[in-house]
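See below for the structure under consideration.
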Amino acid sequence: MTSCESQVRALLESRVDASQTKDVDRLMSHYSSDIVYYDVVPPMQYTGHEQLRRNFVRWFDAYDGPISLETRDLTVVTDSDVAFAHMLHLDSGTRKNGVRSAIWVRSTVCCRRSGGSWLITHEHISLPIDPETFQAWFPADR
1 MTSCESQVRA
11 LLESRVDASQ
21 TKDVDRLMSH
31 YSSDIVYYDV
41 VPPMQYTGHE
51 QLRRNFVRWF
61 DAYDGPISLE
71 TRDLTVVTDS
81 DVAFAHMLHL
91 DSGTRKNGVR
101 SAIWVRSTVC
111 CRRSGGSWLI
121 THEHISLPID
131 PETFQAWFPA
141 DR
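For the sequence shown, this note's numbering gives the first residue as 1, with consecutive numbering after it.
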């Protein structure tokens with residue numbers, strides 16, 4: 001594993017930890033100011049820190065207590081000052097309405113290194129669907 005790959009993996013692990021503890025300031029520190037973020041919830045595209053912060057606060061506020069975010073099948077590729085990664089996340093926890101939920105999402109992350117630090121410049125979250133019904137697909141386990 002290269003030094004760049006190790007640094008990007010550490011960035012992604014810290015991003016997950018900040019999400020699980022709902023530390024929005026720490027989470028935002030991993031994103032570039034010109035971030036473009038595609039999510040599964042409307043309006044689906046968030047640009048810049050202000051919009052993305054509001055989206056993360058909305059996500060955190062939907063849960064009563066911590067969010068579990070398990071990463072599987074992480075692949076990281078780096079080259080000089082750019083990197084991309086793709087993975088699966090199992091997002092679970094107890095919602096404010098008392099319902100315990102779990103959902104698999106796919107995530108692609110693009111990073112750029114500037115001044116020796118890696119930042120996320122683009123992230124795309126997607127939700128698998130059943131092509132027969134066009135409904136979200138919720139696999140029991142992977």
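Note that CB positions come from ideal geometry on N, CA and C, so glycine has one too. Bear in mind that the values here come from a model prediction, so they are computed numbers and not experimental data.
Own chain residues within Cβ distance below 6 Å of residue i, not counting five before or after
i	result
S32	L119, T121
S92	S68, A102
L74	M87
C4	T78
Where residue i falls, given that 16 or more other Cβ within 10 Å makes a residue buried
i	result
I129	exposed
R100	exposed
A85	buried
S19	buried
V57	exposed
Boundaries (first-last residue) of the alpha helix (DSSP H) holding residue i
i	result
A83	Per DSSP, A83 belongs to no alpha helix (DSSP H); it is in the beta strand (DSSP E), 82–94.
H49	48–61
V16	3–20
V24	24–28
Proximity of residue i and residue j at Cβ, strictly below 8 Å
i	j	result
N55	D39	yes
A136	K96	no
R112	D81	yes
H89	S107	yes
S71	V16	The question names Ser, yet the displayed sequence has Thr at residue 71. Contact flag set, yes.
A83	V24	no
M123	V109	The sequence as given places Glu at residue 123; Met does not occur at that position. Contact flag set, yes.
T47	V36	yes
One or two residues paired with residue i in a DSSP bridge
i	result
D79	V82
E144	No answer is possible for residue 144: it lies beyond the span of the chain, which begins at 1 and ends at 142.
D73	D73 pairs with nothing; no bridge assigned.
Beta-carbon contacts of residue i that lie in its chain and below 8 Å, excluding the five residues immediately before and after
i	result
R143	For the chain, the structure presents residues 1 to 142; residue 143 sits outside this window and is missing.
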